[in-house]
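K.L.:
With our numbering, the residue at position 22 of the sequence shown is 27, and numbering never jumps. Each residue gets a CB set at the ideal place from its N, CA and C atoms; glycine is no exception.
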Amino acid sequence: NGTLKKVQIENLKTKAVSELETDGVFVFIGYKPNTSAFKGMVEINERDEVIVDPAMRTNIPGVFAAGDSIAKRHRQVTTAVSDGTIAALSATEYVRAKE
């Protein structure tokens, strides 16, 4: 019926494969953010994450970053959406202050 019942998992060290019964799966793509286009412009740490303050401001005035490209502890859709909201509000404040 197209409903997820189980997944196969592989131990990368032992190569042992087993099945795990589950009702859902969270897809995780990877750890490395694609920030190479911004190197030499905004501050980026050793894990290629953009450094921002709590308002999502980078080291360059008027440049904001958000989501999984920034240095942060948790990487979930909900935290990325929150980051985007904060960045948008901060950018709005920045532009209004320039008027």
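Along the chain, where does the alpha helix (DSSP H) containing E48 start, and where does it finish?
P.N.:
Stepping through the sequence shown from its first residue, residue 48 is reached at position 43. Segment: none, E48 is in no alpha helix (DSSP H) and carries neither H nor E.
K.L.:
For L94, does the three-state DSSP call read helix, strand or coil?
P.N.:
As a position in the sequence shown, residue 94 is number 89, starting the count at 1. DSSP places L94 in helix when its eight states are reduced to three.
K.L.:
Here's a check: name, in chain order, each residue in its chain whose Cβ is nearer than 8 Å to the Cβ of G89, leaving out the five neighbours to either side.
P.N.:
Start at 1 with the first residue of the sequence shown, and residue 89 comes out as number 84. Result list for G89: A71, G72, in chain order.
K.L.:
Would you kindly check if the distance between the Cβ of Q13 and the Cβ of E24 is under 7 Å?
P.N.:
Counted from its first residue, the sequence shown places residue 24 at position 19. Counted from its first residue, the sequence shown places residue 13 at position 8. Their beta carbons are under 7 Å apart, which means E24 touches Q13 by this criterion.
K.L.:
Here's the rule I'm using: 16 or more other beta-carbon atoms within 10 Å means buried, otherwise exposed. How should P38 be labelled?
P.N.:
Here residue 38 corresponds to residue number 33 of the sequence shown, with the count starting at 1. Classification of P38: buried, given that the 10 Å Cβ count is 16 or more.
K.L.:
By the three-class DSSP mapping on this structure, what secondary structure does K20 have?
P.N.:
Counting from one through the sequence shown, the residue named residue 20 turns up at place 15. Three-state DSSP puts K20 in coil, outside helix and strand.
K.L.:
Classify E51: buried if its beta carbon has 16 or more other beta carbons within 10 angstroms, exposed otherwise.
P.N.:
On the sequence shown, residue 51 is found 46 positions in, with the first residue counted as 1. Exposed, because fewer than 16 other Cβ atoms sit within 10 Å of the Cβ of E51.
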